[in-house]
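A.B. asks: The following block contains the structure, expressed as structure tokens.
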Amino acid sequence: MTEVHTTAIVSSRAELAADAEVGPYAVIGPEVEIGPGCKIGSHAIIEGPTRLGARNVIHPHAAIGRDPQDRKFRPGETSRLEIGDGNTIREFVTINRGTEDGGGITRVGNNCWLMASVHIAHDCMLGDDVVMANFASLAGHVRVGSHVTMAGFSGAHQFCRIGDYGFVGIYAGITRDVPPYVLVAGQPPRPRGVNVIGLRRHGFTPPQRANIERAYRTLYRKELSRAEATEIIAEAAREQPELAPLAEFLAESGRGLLR
Numbered sequence: 041m042t043e044v045h046t047t048a049i050v051s052s053r054a055e056l057a058a059d060a061e062v063g064p065y066a067v068i069g070p071e072v073e074i075g076p077g078c079k080i081g082s083h084a085i086i087e088g089p090t091r092l093g094a095r096n097v098i099h100p101h102a103a104i105g106r107d108p109q110d111r112k113f114r115p116g117e118t119s120r121l122e123i124g125d126g127n128t129i130r131e132f133v134t135i136n137r138g139t140e141d142g143g144g145i146t147r148v149g150n151n152c153w154l155m156a157s158v159h160i161a162h163d164c165m166l167g168d169d170v171v172m173a174n175f176a177s178l179a180g181h182v183r184v185g186s187h188v189t190m191a192g193f194s195g196a197h198q199f200c201r202i203g204d205y206g207f208v209g210i211y212a213g214i215t216r217d218v219p220p221y222v223l224v225a226g227q228p229p230r231p232r233g234v235n236v237i238g239l240r241r242h243g244f245t246p247p248q249r250a251n252i253e254r255a256y257r258t259l260y261r262k263e264l265s266r267a268e269a270t271e272i273i274a275e276a277a278r279e280q281p282e283l284a285p286l287a288e289f290l291a292e293s294g295r296g297l298l299r
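Using this note's numbering, the first residue of the sequence shown is number 41, and each one after it goes up by one.
Right, here's the structure in full:
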């Protein structure tokens, strides 16, 4: 039977899995769906439409699924928040629903670790296994790939993209796209090399890491245009599959690359 503290307020229009737990003074609004094994901490607020998958842990005072902080947003707009499985959402994290203009949805993948006071704005898309340290923030419409780490107090401007296995250093403010595998740091942030530690942790072999580092040098160290570098990397990706995400990202980037 669902374990709901007597002081919690749960809407009759919310759906909770049989083994979900809701702590003291938490508020669960209508059109909220909470999956199996979820734990909602004291004083947390979840508004809908919002769907939580399985085994998510929401810590005290988090505010999930509330209206977007967008002055164009109007009550009654169709928008929602979707959160996958196995995420840890710490104290005072805020995640807003989407907007109709931005596609109507904010999405968080699986096994993400969102530390205290992280903010994820409307229409953002996060992949799996994303780590955002304390006070890291995403403005609206940001897309973050899988296995990305954002250090404390870092942030990303609207519509920016951060590719898979990227690393954003402390206090860095991202205003252009960060390609997959790239480590950026400093004020203003600059590419500092390949996220070697992240690649090692995720099982990339030495030859794969060498291929990625060679592609990084092609992109950032040689005096080539972006189009020329993209062509060279795309050609190499035919025999080096680990470069395919980088080649695709370069072909699709709309805001330009952080350099």
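For each residue, glycine too, the CB sits at the ideal point set by N, CA and C.
Could you name the residues that DSSP lists as bridge partners for Asp204?
C.D. replies: Translated into the one-based positions of the sequence shown, residue 204 becomes position 164. None; Asp204 has no bridge partner.
A.B. asks: Going by beta carbon distance, what residues of the same chain come within less than 6 Å of Gln280, once the five residues before and after it are set aside?
C.D. replies: Along the sequence shown, one-based indexing puts residue 280 at 240. Hits under 6 Å: Asn251.
A.B. asks: Among residues of its own chain, excluding the 5 on either side of Ala48, which ones have a beta-carbon nearer than 6 Å to its beta-carbon?
C.D. replies: Locating residue 48 in the sequence shown gives position 8, where the first residue counts as 1. Counting only Cβ-Cβ distances below 6 Å, and skipping sequence neighbours, we find Val62 and Ala66.
A.B. asks: Can Ala57 and Ile74 be called in contact, C-beta distance under 8 Å?
C.D. replies: For the purposes of this step, residue 57 is taken as the residue at position 17 of the sequence shown. For the purposes of this step, residue 74 is taken as the residue at position 34 of the sequence shown. Yes, these two residues count as a Cβ contact at 8 Å.
A.B. asks: Near Thr270, what residues of its chain come up, given a Cβ to Cβ distance below 7 Å and the 5 sequence neighbours on each side ignored?
C.D. replies: By one-based count along the sequence shown, residue 270 stands at place 230. Answer for Thr270: Ala287, Leu290 and Ala291, listed in chain order.
A.B. asks: In the DSSP assignment, find the alpha helix (DSSP H) that holds Arg261 and state where it starts and stops.
C.D. replies: Numbered from 1 along the sequence shown, position 221 holds the residue referred to as residue 261. Careful: Arg261 lies outside any alpha helix (DSSP H) and carries neither H nor E.
A.B. asks: Near Ala103, what residues of its chain come up, given a Cβ to Cβ distance below 7 Å and the 5 sequence neighbours on each side ignored?
C.D. replies: To locate residue 103, count along the sequence shown from 1; it is residue 63. Closer than 7 Å at the Cβ level, and outside the excluded window around Ala103, lie Ile85 and Thr134.
A.B. asks: Please check the pair Leu298 and Arg216, which I expect to be a contact at CB under 8 Å, by giving their CB distance rounded to whole angstroms.
C.D. replies: As a first step, residue 298 is located in the sequence shown; it is residue number 258 there, counting from the start. As a first step, residue 216 is located in the sequence shown; it is residue number 176 there, counting from the start. Contact holds; Cβ gap of about 4 Å.
A.B. asks: With which residues is Glu55 paired in a DSSP beta bridge?
C.D. replies: Here residue 55 refers to the residue found at position 15 of the sequence shown. Answer is Glu73, bridged to Glu55.
A.B. asks: Under a Cβ-count criterion, where at least 16 other Cβ atoms within 10 Å of its own Cβ denotes burial, should Arg137 be classed as buried or exposed?
C.D. replies: Numbered from its first residue, the sequence shown carries residue 137 at position 97. The residue in question, Arg137, is buried, as its Cβ has 16 or more Cβ neighbours within 10 Å.
A.B. asks: If you measure between the beta carbons of Thr146 and Leu121, is that distance less than 8 Å?
C.D. replies: For this step, residue 146 is matched to residue 106 along the sequence shown. For this step, residue 121 is matched to residue 81 along the sequence shown. For Thr146 and Leu121, yes; Cβs fall inside 8 Å.
A.B. asks: Going by other Cβ atoms of all chains shown within 10 Å of its Cβ, with 16 needed for buried, is Pro228 buried or exposed?
C.D. replies: For this step, residue 228 is matched to residue 188 along the sequence shown. Pro228 should be labelled exposed.
A.B. asks: Give the straight-line distance between the Cα atoms of Val218 and Asp125, rounded to the nearest whole angstrom.
C.D. replies: As a working note, residue 218 is residue 178 in the sequence shown. As a working note, residue 125 is residue 85 in the sequence shown. So the two alpha carbons sit approximately 26 Å from each other.
A.B. asks: Kindly list the residues whose CB is nearer than 8 Å to the CB of Arg249, restricted to its own chain and excluding five residues on each side of it in sequence; keep chain order.
C.D. replies: Against the sequence shown, residue 249 aligns to sequence position 209. Only Val234, Val236, Leu239 and Arg240 meet the Cβ criterion.
A.B. asks: Where do the ends of the alpha helix (DSSP H) carrying Val148 lie?
C.D. replies: If you number the sequence shown from 1, residue 148 lands on position 108. First-last for Val148: Ile145 to Val148, but that is the beta strand (DSSP E), not the alpha helix (DSSP H).
A.B. asks: Provide the residue span of the alpha helix (DSSP H) that contains Phe272, from first to last.
C.D. replies: For the purposes of this step, residue 272 is identified with residue 232 of the sequence shown, where counting begins at 1. The question names Phe, but residue 272 in the sequence shown is Ile. It spans Arg266 to Ala277 - the alpha helix (DSSP H) in which Ile272 sits, taken as one unbroken run.
A.B. asks: Could you check if Arg130 is buried or exposed, using at least 16 other CB atoms within 10 Å of its CB as the buried criterion?
C.D. replies: Sequence index remark: in the sequence shown, residue 130 carries index 90 (1-based). The residue is buried, with at least 16 neighbouring Cβ atoms inside 10 Å.
A.B. asks: Over what stretch of residues does the beta strand (DSSP E) that includes Ile237 continue unbroken?
C.D. replies: Position 197 of the sequence shown, counting from 1, holds the residue named residue 237. Unbroken run through Ile237 is the alpha helix (DSSP H), Val236 to Arg241; no beta strand (DSSP E).
A.B. asks: Hey, quick one: how far does the alpha helix (DSSP H) through Leu121 stretch, first residue to last?
C.D. replies: Numbered from 1 along the sequence shown, position 81 holds the residue referred to as residue 121. Taken as a continuous stretch (DSSP letters only), Leu121 belongs to no alpha helix (DSSP H), being part of the beta strand (DSSP E) at Arg120 to Ile123.
A.B. asks: Beta carbon of Val184, beta carbon of Phe199: below 8 Å?
C.D. replies: Looking up residue 184 in the sequence shown gives position 144. Looking up residue 199 in the sequence shown gives position 159. No, they are not a contact pair.
A.B. asks: Would DSSP call Pro231 helix, strand or coil?
C.D. replies: Counting from one through the sequence shown, the residue named residue 231 turns up at place 191. In this structure, Pro231 counts as strand in the three-state DSSP scheme.
A.B. asks: Where do the ends of the beta strand (DSSP E) carrying Leu92 lie?
C.D. replies: As a working mapping, residue 92 is identified with position 52 in the sequence shown. Segment Thr90 to Leu92, the beta strand (DSSP E) holding Leu92.
A.B. asks: Go through its chain and collect everything with a Cβ distance to Gly93's Cβ below 6 Å, but skip five positions before and after it.
C.D. replies: On the sequence shown, residue 93 is found 53 positions in, with the first residue counted as 1. Cβ neighbours of Gly93 beyond the five flanking positions: Gly75, Gly124 and Asp125.
A.B. asks: Can you give me the start and stop residues for the beta strand (DSSP E) that Ala291 sits inside?
C.D. replies: Translated into positions along the sequence shown, residue 291 becomes position 251. Ala291 -> not in any beta strand (DSSP E); alpha helix (DSSP H) instead, spanning Ala284 to Glu292.
A.B. asks: Return the bridge partner residues of Arg25 from the DSSP annotation.
C.D. replies: The structure shown does not extend to residue 25, since the chain spans only 41 to 299, so no value can be given for it.
A.B. asks: Which residues share a DSSP beta bridge with Lys112?
C.D. replies: Position 72 of the sequence shown holds residue 112. For Lys112, which the question treats as bridged, DSSP gives no partner whatsoever.
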